[in-house]
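This report concerns only the one structure given below.
2 protein chains.
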Amino acid sequence: MAIDSLVNHQVRLAQRPVGAPTRENWTFTSEPVQEPASGGVLIKTLSLSLDPAMRGWMNDAKSYIPPVGIGEVMRAGGVGKVIASQNPKFAIGDLVSAGLGVQEYLLVAEDQIKRNGVFKINPQLGSISQWLNVLGMPGMTGYFGLLDIGQPKPGETVVVSGAAGAVGQTVGQLARIKGCRVVGIAGGRAKCDWVVNELGFDACIDYKAGNVKAALKEHCPKGVDIYFDNVGGDILDDVLARLARGARIIICGAISQYNNTTPVQGPKNYLSLLVNRARMEGMVVFDYADRFPVAVAELSGYLKDGRMRSREDVVQGLDTFPEALVKLFTGGNFGKLVLQVADA
Amino acid sequence: MAIDSLVNHQVRLAQRPVGAPTRENWTFTSEPVQEPASGGVLIKTLSLSLDPAMRGWMNDAKSYIPPVGIGEVMRAGGVGKVIASQNPKFAIGDLVSAGLGVQEYLLVAEDQIKRNGVFKINPQLGSISQWLNVLGMPGMTGYFGLLDIGQPKPGETVVVSGAAGAVGQTVGQLARIKGCRVVGIAGGRAKCDWVVNELGFDACIDYKAGNVKAALKEHCPKGVDIYFDNVGGDILDDVLARLARGARIIICGAISQYNNTTPVQGPKNYLSLLVNRARMEGMVVFDYADRFPVAVAELSGYLKDGRMRSREDVVQGLDTFPEALVKLFTGGNFGKLVLQVADA
Chain F
1 MAIDSLVNHQ VRLAQRPVGA PTRENWTFTS EPVQEPASGG VLIKTLSLSL DPAMRGWMND
61 AKSYIPPVGI GEVMRAGGVG KVIASQNPKF AIGDLVSAGL GVQEYLLVAE DQIKRNGVFK
121 INPQLGSISQ WLNVLGMPGM TGYFGLLDIG QPKPGETVVV SGAAGAVGQT VGQLARIKGC
181 RVVGIAGGRA KCDWVVNELG FDACIDYKAG NVKAALKEHC PKGVDIYFDN VGGDILDDVL
241 ARLARGARII ICGAISQYNN TTPVQGPKNY LSLLVNRARM EGMVVFDYAD RFPVAVAELS
301 GYLKDGRMRS REDVVQGLDT FPEALVKLFT GGNFGKLVLQ VADA
Chain A
1 MAIDSLVNHQ VRLAQRPVGA PTRENWTFTS EPVQEPASGG VLIKTLSLSL DPAMRGWMND
61 AKSYIPPVGI GEVMRAGGVG KVIASQNPKF AIGDLVSAGL GVQEYLLVAE DQIKRNGVFK
121 INPQLGSISQ WLNVLGMPGM TGYFGLLDIG QPKPGETVVV SGAAGAVGQT VGQLARIKGC
181 RVVGIAGGRA KCDWVVNELG FDACIDYKAG NVKAALKEHC PKGVDIYFDN VGGDILDDVL
241 ARLARGARII ICGAISQYNN TTPVQGPKNY LSLLVNRARM EGMVVFDYAD RFPVAVAELS
301 GYLKDGRMRS REDVVQGLDT FPEALVKLFT GGNFGKLVLQ VADA
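Same order as they appear, the protein sequences are chains F and A. 135 is the number that the working numbering gives to position 135 of the first sequence; each next residue is one higher, with no gaps. 290 is the number that the working numbering gives to position 290 of the second sequence; each next residue is one higher, with no gaps.
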């Protein structure tokens, strides 16, 4: 099909949400697709990564990255296929990871290739969904957060919240491989069972079933050496109350707080850091970009040899984006949430 | 005077306070003084250190040290003089630092010398009050917290709350010596002026005068690289909102929260740690005991050569202990709070 007959359907931010995002926050647009100029590439979106961080990008607030502007295509990372190229580094048919946005096509000028994070991916190392999960940003976040910030030692107890999510499944399995005792926290029996039975966690606490504090005491008899926090809120406080001496908390996110219309709930047990000579440290995955290839090589090796598994929750179609995104905040997804926009 | 004619007046914990401690929480007792047995020493209390941490020791809660039991002599560190000794390491007239308790005399058996932290101090290195301040626990806290946890680099901006207090004055002056820009936070014009004019801080924010957030923006144009937190509460949140990338927060205490009858106020801006790849870490000074002599040597050098000054707020008499302690929580003290029990 000729490029100039293609139409690019897009999802743009129409208004900033108050609380949970709704369909009214989005507008659906379309525009013609253009051929790349010299040095440029045209990428067809295959699958997009839906992430909790998206909620933050919708707010007009200072953060590690500027907010998405009103009227702009919503920011999203994803995997696409090169369908036209005027750049010798990219051939038609190449699979690439890129900041595609929530749209069907992305035209990237030569001087925007780096800014859009476009790089070729090797389909031999994992499926497209895995490239958005263990081999993608969530996997990189888990890898560098756990290893660089957490510095796990064999025999230590690692707790990870959002255990069945994209970051959580990477963190937990990697911590097991590094010789740690791993306790997940997830919502619902099904996720907990999967995390223990399929991923090999030592235990998983169902926070929807009740007393997280008591369960932490049961499953972490020697205290928590590393807590990888994806959720914030009450669970962060419960873990703070259970820290071992010299503990490390990796602040990766706070999904429980992202839709708040009231101020963020600060961890009232933070003085446990003092009592236990413990540390709470934030991280942003982009800082580790130059080491992603090393992490991908290690993690794809674990996927190949069966020491790691992955699970993705794949939702179909660009027009389902608004409802799909909300699943993240209700815990409606089971595994890494992926929006499949087109077949490979 | 014969030892057996001496009377030891004591202040004991009668009941645990709810909120701010009052005179009703204490009971005043007396008992005869006894001669030391073989290996033991008898110490006469000269001056006691009054510290915010004392409030925590009065609570029946798990911490880095057991609470003071009901009916027990209140825990306190201080400087005393050996007045009887059956131990070759201590001679009559030696000045010692020790966990004396709020009482006039402490009899220490040989096997309790280490547990009570009894060590000889050199009056050449500083006055008795300085041995409770820059050369004592507050100074050690400031020294190891700033240098080991904070790891200051020349040109960085260091903020310290409780700036005119014992820990704060050490931290700020030491940070200046290490080449940092230093901004204090203290209560009232007089303390702020002293910190800037006498101690050489670059600026000091009077939190009682109003907008700490705006003042931080003014005085920390490049953000806050190190925050040494003695107070917690709203000020911690204000500093979190002003962190520079890679910032380090030393959690030393939270005096604003110690008398709370409601839960501790958690830092609602803690996600600034994520955005700024920053760290919040707790410390307990006792962990550094084997390195105290090194710190004392360095700090006493600065006191001698005039690069550091110290200020103590000396209150007289054991029976004023209840009211003196409360000054810490109202900001009523100006400088390190010392209770002088007897003349040297």
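For each residue, glycine too, the CB sits at the ideal point set by N, CA and C.
Asp229(A) has its alpha-carbon roughly 7 Å from the corresponding atom of Ile249(A). For Ser63(A), the C-beta contacts it makes with chain F under 7 Å involve Val275, in order along the chain.
Contact of Asp287(A) with chain F by beta-carbon distance below 7 Å involves Arg277.
Using a Cβ distance threshold of 8 Å, Val231(F) and Asp202(F) do not count as a contacting pair. Selection Ala164(F), Leu100(F), Ile83(F) evaluated against Ala2(F) yields Ile83(F) as nearest (Cα-Cα). Within chain F, the residues Tyr270, Leu271, Leu273, Leu274 have their CB atoms less than 8 Å from the CB of Ile251(A), given in chain order. The three-state reading of DSSP puts Ile205(F) in strand, counting E and B together. Residues Gly187 of the same chain have their beta carbon placed closer than 6 Å to that of Gly331(F), with the five preceding and five following residues left out of the count. Three or more Cβ pairs closer than 8 Å define a contact, and the region 68-81 of chain F meets that threshold against the region 93-106 of chain F. Closer than 8 Å at the C-beta level to chain A, one finds these residues of the region 237-261 of chain F: Asp237, Ile251, Cys252, Gly253, Ala254, Gln257.
Annotation: the region 165-200 of chain A contains the following complete segments of the alpha helix (DSSP H) (minimum length 4 residues), in chain order: 166-177, 189-197. Rounded to the nearest whole angstrom, the CA to CA distance from Val118(A) to Phe90(A) is 10 Å. Counting only runs that start and end inside the region 299-331 of chain F, the alpha helix (DSSP H) elements of at least 4 residues fall at 321-330. A contact is defined here as three or more CB-CB pairs under 8 Å, and the region 261-271 of chain A fails this definition with respect to the region 123-135 of chain A. For Gln10(A), the three-state secondary structure derived from DSSP is strand. Proximity of chain F to Val171(A) at the Cβ level (cut-off 9 Å) is not reached, the minimal Cβ distance being about 16 Å. Exclusion of the five residues before and after Ile70(A) leaves Leu13, Ala14, Gln15, Arg16 as the residues of its chain whose Cβ lies within less than 8 Å of its Cβ. In the three-state DSSP reduction, Phe144(F) falls in the helix class (H, G or I). Contact note: Met280(F) reaches chain A through Tyr270, Leu273, Arg279, Met280, Glu281, using a C-beta cutoff of 8 Å and chain order.
Among the CB atoms of chain A, one or more fall inside 8 Å of the CB of Pro267(F).
Between Pro66(F) and chain A, the shortest Cβ-Cβ separation is not below 8 Å. Our two residues, Trp57(F) and Gln130(A), have alpha carbons roughly 52 Å apart in a direct line. Listed by position along chain F, the residues whose Cβ is nearer than 7 Å to that of Pro263(A) are Lys268. With a threshold of 8 Å between beta carbons, Val284(F) makes contact with chain A. Where Lys217(A) is concerned, there is no enclosing beta strand (DSSP E), although the alpha helix (DSSP H) around it starts and stops at 212-219. Within its own chain, no residue has a Cβ closer than 6 Å to the Cβ of Phe286(F) once the five positions on either side in sequence are excluded. If you keep only unbroken alpha helix (DSSP H) runs of at least 4 residues inside the region 76-143 of chain A, you get 128-131.
If one requires a minimum length of 4 residues, the alpha helix (DSSP H) runs lying completely within the region 48-78 of chain F are 53-57, in chain order. Taking a C-beta distance under 8 Å as the contact criterion, Gly136(F) and Ser272(F) do not qualify as a contact pair.
Setting aside the 5 residues that flank it on each side, Gln340(F) is surrounded in the same chain by Ser47, Val314, Gln316, each with a C-beta closer than 6 Å to its C-beta; the list follows chain order. Asp51(A) and Leu337(A) have their C-alpha atoms spaced approximately 7 Å apart. The C-alpha of Val7(F) lies about 18 Å from the C-alpha of Ala344(F). Gly266(A) carries a coil assignment under DSSP once its states are collapsed to helix, strand and coil.
The shortest CA-to-CA distance from Cys204(F) to any of Val134(F), Gly168(F), Asp234(F) is the one to Gly168(F).
The beta carbon of Gly200(F) sits closer than 6 Å to the beta carbons of Arg176 from its chain, once the five residues preceding and following it are set aside; these are given in chain order.
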